[in-house]
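Reading through the structure tokens given below for one structure.
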Amino acid sequence: MEVLGLLIPVSLALGALGLVAFWWLLKKGQFDDPEGDAHRILRDDYDDKPK
Amino acid sequence: MTALADPARPSACPACDVAPLAEQVAGAAPVQARLMIAVPGIHCAGCISGVERVLHALPGVRDARVNLTLRRVAVEADLDVDADTLCHALTDAGFEAHALDPGVLAATEIDAKGRALLMRLAVAVFAMMNVMLLSVAVWSGAEGVTRDMMHWISAAIAIPAVIFTGQPFYASAFAALKAGRLNMDVPITLAIVLAVGTSLYETMLSGEHAYFDAAIALCTFLLAGRYLDHRTRANARSAAQELAALEVPRALRITGEGTQTVSVADVRPGDLVRVLPGGRIPVDGVLRDGATELDRSIMTGETLPAVAGPGDVVHAGEANLTGAITVEVQAAGRDTELSRIADLVAVAEAGRNNYTSLADAAAKLYAPGVHIISALAAVGWFLATMDLRVALNIAAAVLIITCPCALGLAVPAVTTAASARLFRKGLLIKSGTALERLAQVDTVVFDKTGTLTDGAPVALGLERLSDADQGVALALAQGSAHPLAQSMARGLADLGVSPVALDAVQEHPGFGLEGQWRGQTVRLGRAGWVRAEALATTATYLKIGEGAAQAIAFDDTIRTGAEALVAGLKAQGKRVILLSGDVEAAVSAFAARIGITEVMAEARPEAKAKVIGALRDSGAKVLMVGDGMNDTAALTAADVSISPATALEAARAASDMVLTGGSLAPILDAMATSVAARKRIKENFTIASVYNLLAVPLAVAGLCSPLIAALAMSSSSLTVSLNALRLR
Numbered sequence: 001m002e003v004l005g006l007l008i009p010v011s012l013a014l015g016a017l018g019l020v021a022f023w024w025l026l027k028k029g030q031f032d033d034p035e036g037d038a039h040r041i042l043r044d045d046y047d048d049k050p051k
Numbered sequence: 052m053t054a055l056a057d058p059a060r061p062s063a064c065p066a067c068d069v070a071p072l073a074e075q076v077a078g079a080a081p082v083q084a085r086l087m088i089a090v091p092g093i094h095c096a097g098c099i100s101g102v103e104r105v106l107h108a109l110p111g112v113r114d115a116r117v118n119l120t121l122r123r124v125a126v127e128a129d130l131d132v133d134a135d136t137l138c139h140a141l142t143d144a145g146f147e148a149h150a151l152d153p154g155v156l157a158a159t160e161i162d163a164k165g166r167a168l169l170m171r172l173a174v175a176v177f178a179m180m181n182v183m184l185l186s187v188a189v190w191s192g193a194e195g196v197t198r199d200m201m202h203w204i205s206a207a208i209a210i211p212a213v214i215f216t217g218q219p220f221y222a223s224a225f226a227a228l229k230a231g232r233l234n235m236d237v238p239i240t241l242a243i244v245l246a247v248g249t250s251l252y253e254t255m256l257s258g259e260h261a262y263f264d265a266a267i268a269l270c271t272f273l274l275a276g277r278y279l280d281h282r283t284r285a286n287a288r289s290a291a292q293e294l295a296a297l298e299v300p301r302a303l304r305i306t307g308e309g310t311q312t313v314s315v316a317d318v319r320p321g322d323l324v325r326v327l328p329g330g331r332i333p334v335d336g337v338l339r340d341g342a343t344e345l346d347r348s349i350m351t352g353e354t355l356p357a358v359a360g361p362g363d364v365v366h367a368g369e370a371n372l373t374g375a376i377t378v379e380v381q382a383a384g385r386d387t388e389l390s391r392i393a394d395l396v397a398v399a400e401a402g403r404n405n406y407t408s409l410a411d412a413a414a415k416l417y418a419p420g421v422h423i424i425s426a427l428a429a430v431g432w433f434l435a436t437m438d439l440r441v442a443l444n445i446a447a448a449v450l451i452i453t454c455p456c457a458l459g460l461a462v463p464a465v466t467t468a469a470s471a472r473l474f475r476k477g478l479l480i481k482s483g484t485a486l487e488r489l490a491q492v493d494t495v496v497f498d499k500t501g502t503l504t505d506g507a508p509v510a511l512g513l514e515r516l517s518d519a520d521q522g523v524a525l526a527l528a529q530g531s532a533h534p535l536a537q538s539m540a541r542g543l544a545d546l547g548v549s550p551v552a553l554d555a556v557q558e559h560p561g562f563g564l565e566g567q568w569r570g571q572t573v574r575l576g577r578a579g580w581v582r583a584e585a586l587a588t589t590a591t592y593l594k595i596g597e598g599a600a601q602a603i604a605f606d607d608t609i610r611t612g613a614e615a616l617v618a619g620l621k622a623q624g625k626r627v628i629l630l631s632g633d634v635e636a637a638v639s640a641f642a643a644r645i646g647i648t649e650v651m652a653e654a655r656p657e658a659k660a661k662v663i664g665a666l667r668d669s670g671a672k673v674l675m676v677g678d679g680m681n682d683t684a685a686l687t688a689a690d691v692s693i694s695p696a697t698a699l700e701a702a703r704a705a706s707d708m709v710l711t712g713g714s715l716a717p718i719l720d721a722m723a724t725s726v727a728a729r730k731r732i733k734e735n736f737t738i739a740s741v742y743n744l745l746a747v748p749l750a751v752a753g754l755c756s757p758l759i760a761a762l763a764m765s766s767s768s769l770t771v772s773l774n775a776l777r778l779r
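Here the protein sequences line up with chains A and B, keeping their order.
For the first sequence, position 31 (counting from the first letter as 1) is numbered 31 according to this note's numbering, and the numbering increases by one without interruption.
For the second sequence, position 522 (counting from the first letter as 1) is numbered 573 according to this note's numbering, and the numbering increases by one without interruption.
So, in structure tokens, the structure goes:
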């Protein structure tokens, strides 16, 4: 049972990390054009010249 | 769009005229502008690449990025690049493109409310997953101290999360209670508060059951519904604003030194405003100088241009066709006839909103219902056991298990799926209940000009003219901005005609064009002016020397998809009516072509609204499709209304749905989708009710453990969402 004392904070920290990542992506506008991004990934010229 | 886009416009500061050069030399900012262009036709990866490639290839363009979700391109370009050039390049490459006013769009760029909701949703999901994890430990048999520890940690996560994420509900519930009403948010708030309160109390007493997971799950599911709802509305709003941005209202004001381009908002009564041929009159006023023909179709629906001379009254929205005129302003901006009608529409709209949506109807039954059941359960258990703690626990359990997760998702999930589907087909839904109302329509009323037709006339029988006549006609027609002349010039050019050389070509505003050809006077214009017999239809007349005048008739082209739409509606057994402000002859000829039998011509705006009113009084559910100022009252009077993207802003504002493309075909799709959507919404309510019927007795009987509550809640929400997804 002592392992819970370690695992619960770890799981909370990981979850919080995901939350922060999501918040950052939201701020960066990564969710502004979901439809376009789904199509862009199929483009040939996209990977050649990453900006 | 940019300061340099309009050559007639001197800069606000004299130094700005040379500033771009100076800035280029110095390399100082800002030397680039951000332009926005709407590209409604794009839909795939190829289109994205195509549009971006076309724009990148143009000189002065630094960067172009397509937003496929909004069907829009943001272009970073040098200051001297103007949006019209970019649009032309895109149109030539086969992409429909319209310039947008970035000033109007700026307000919608960042959707702060949507982001806040999404952030709350993210926090709720994070908290729910962690609390659920801890709850699983409790459900699988944690005892004593371990269970208490799990409960305390759950409380530590859930309480702040619930306080933060539930704010939209608390605010709405508080507002409703303050106004003495009950809405869906009242039981939600009460359930959350009771669940967290009793759970905390139980935890303090080392109790067995805590509903922290239920409280936070409730927030999560409801926020998901709220966010879906918000996104549908935000999409519609931003697209509506995008349509508004298509019109950049400017006026040429005459000052002491010359003319000056100003915003219409800055024009004052008494100012003199110049309107060039091809422009739209920006103000209400009196014509002081010049003669011209006016296209009043947007106000009256009449296709034939009206002659106007000094002393005549003109209105904002009318198009100036042939001559440059000077107008003395009597009213501008919000005071014009145009705006007044638009305002009337806003007032009338409030009256229409008494339609009760299915969701509201459900909430009205539901909110008092659950409170009564929960209160009865509490009183019953208190009387039976004389234990307040048990009674409160039961009341909380009833409120949690009946709480409208499924109901909160039932409508937004369906409308989001339906509007996304229709948006892809080219139809934008502005009103939340429009789909529900559309599903009940049995009568469809169409306007003619600009709705069933493109509003652009096409010359008929040009090939019957002799070669010489064709050449003369083309040479004359090229000299005017009049739509009939323009359309004729296009028609003749398509036939491969080359213009003859004419001398002294002159436009007589209100009459036509005159020139000299091989010593003879040639004229193209009104019947009276060339001394010809006037036809009943729209026509222009060509007279060469002393020869007989030849009539060239015009016909409006039918909008793409219009014939299929009328046929489709009739096949479904709907009543189809054509209601136009145009003259009898033109309307009935057109109705015969498109296959509509019920026709009303020369209808004034009030008459149109009255016809719709009478139809509704007789029990019909009316869909009105129209585009002009003369249609706005009728659009508002109808049960549902649709206008094309080319419609006047007031008409678009008055309608529930806007067609984003040129075709009318999506209307049929919309009717089918609306019927399906209404069916799904009802199914969803049935699912939610069945689940409540099963779960409430359990809760009242005190058998509802947190595990059962969680399972029931999640499964009903999932079923409802999946059912809605079947619409996509």
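Note that beta-carbon positions come from the ideal geometry of N, C-alpha and C, so glycine has one too.
Report the neighbours of W64/A on chain B: residues whose CB is nearer than 7 Å to its CB, in chain order.
-> Any answer about residue 64/A is impossible in this case: the structure gives chain A only from 1 up to 51.
Smallest Cα separation from L130/B: which of E308/B, S767/B and R85/B?
-> R85/B
Taking V212/B as the reference, which of L450/B, A222/B, C270/B and P356/B has the closest Cα?
-> Per the sequence shown, the amino acid found at residue 212/B is Ala instead of Val. When each option's Cα is compared against that of A212/B, the closest is C270/B.
Taking DSSP as the reference, what is the three-state secondary structure of H789/B?
-> Nothing can be reported for residue 789/B, as the shown portion of chain B is limited to 52 through 779.
Do we get a CB-CB distance below 8 Å when we pair L769/B with the residues of chain A?
-> no
Return helix, strand or coil for A568/B, following the three-state DSSP convention.
-> The question names Ala, but residue 568/B is Trp in the sequence shown. W568/B falls in the strand class under three-state DSSP.
Residue range of the alpha helix (DSSP H) that includes I603/B = I603/B -> not in any alpha helix (DSSP H); beta strand (DSSP E) instead, spanning Q601 to I609.
Tell me whether the beta-carbon of L553/B lies closer than 8 Å to the beta-carbon of L575/B.
-> no
Under 7 Å Cβ-Cβ, which residues of chain A neighbour M170/B?
-> W23 and L26
Contact set between N181/B and chain A, taken where Cβ atoms lie within less than 8 Å | S11, L12 and G15
L489/B CB to nearest chain A CB: under 8 Å?
-> no
How would you list, in chain order, the residues of chain A whose beta-carbon sits under 7 Å from the beta-carbon of L184/B?
-> S11
Indicate the three-state DSSP secondary structure (helix, strand or coil) for D411/B in the structure shown.
-> helix
Mind checking if A173/B is an interface residue toward chain A, Cβ cutoff 8 Å exclusive?
-> yes
Could you check the C-alpha separation between G677/B and V182/B for me, to the nearest Å?
-> 54 Å
Does the Cβ of T306/B have 16 or more other Cβ atoms within 10 Å, making it buried, or fewer, making it exposed?
-> exposed
If I'm right that V90/B touches F146/B with Cβ under 8 Å, what's the distance once you round it to whole angstroms?
-> 5 Å
Amino acids of chain B, ordered along the chain, whose beta-carbon sits closer than 8 Å to that of L42/A = A96
May I have the straight-line CA-CA distance separating T591/B from S531/B, to the nearest angstrom?
-> 13 Å
May I have the straight-line CA-CA distance separating A230/B from I332/B, to the nearest angstrom?
-> 46 Å
Please list, in chain order, all residues of the same chain as V771/B whose beta carbon is under 7 Å from its beta carbon, the five residues on each side excluded.
-> A457, L460, A461, A464, N735, I738 and A739
A43/B burial status per 10 Å Cβ neighbour count (16 or more: buried) = Not covered by the structure: residue 43/B. The range shown for chain B is 52 to 779.
Exposure of K594/B, with buried meaning 16 or more beta-carbon neighbours within 10 Å = buried
Counting only beta-carbon atoms, is E35/A nearer than 8 Å to chain B?
-> yes
Taking the alpha-carbon positions, what's the A599/B to A702/B distance?
-> 44 Å
Any beta-carbon of chain A closer than 8 Å to the one on A158/B?
-> For A158/B, the predicted structure reports a pLDDT of 47, less than 50, and the residue's modelled location is therefore unreliable. A value from the coordinates is still provided. Not closer than 8 Å to any Cβ of chain A, the Cβ of A158/B fails to qualify, so no.
Relative to the alpha-carbon of D707/B, which residue among L715/B, A761/B, C98/B and V691/B has its alpha-carbon at the smallest distance?
-> V691/B
Does any C-beta atom of chain B lie closer than 8 Å to the C-beta of L6/A?
-> no
So, is T249/B buried or exposed, given that buried needs 16 or more other C-beta atoms within 10 angstroms?
-> buried
Based on the DSSP secondary-structure assignment, which residues constitute the bridge partners of L630/B?
-> M651/B
Residues of chain A with a CB under 7 Å from the CB of I204/B: which are they?
-> I8
Beta carbon of R319/B nearer than 8 Å to that of V247/B | no
Coil, strand or helix - I93/B by DSSP | coil
Segment limits, beta strand (DSSP E) that includes A555/B | D554 to H559
Could you work out which residues of chain A lie near V465/B, taking near to mean beta carbons separated by less than 8 Å?
-> Per Cβ cutoff of 8 Å: no residues; V465/B is ~20 Å from chain A at best.
Enumerated in chain order, which unbroken segments of the beta strand (DSSP E) with a length of 3 residues or greater are wholly contained in the stretch 475 to 528 of chain B?
-> 478 to 480, 494 to 497 and 504 to 510
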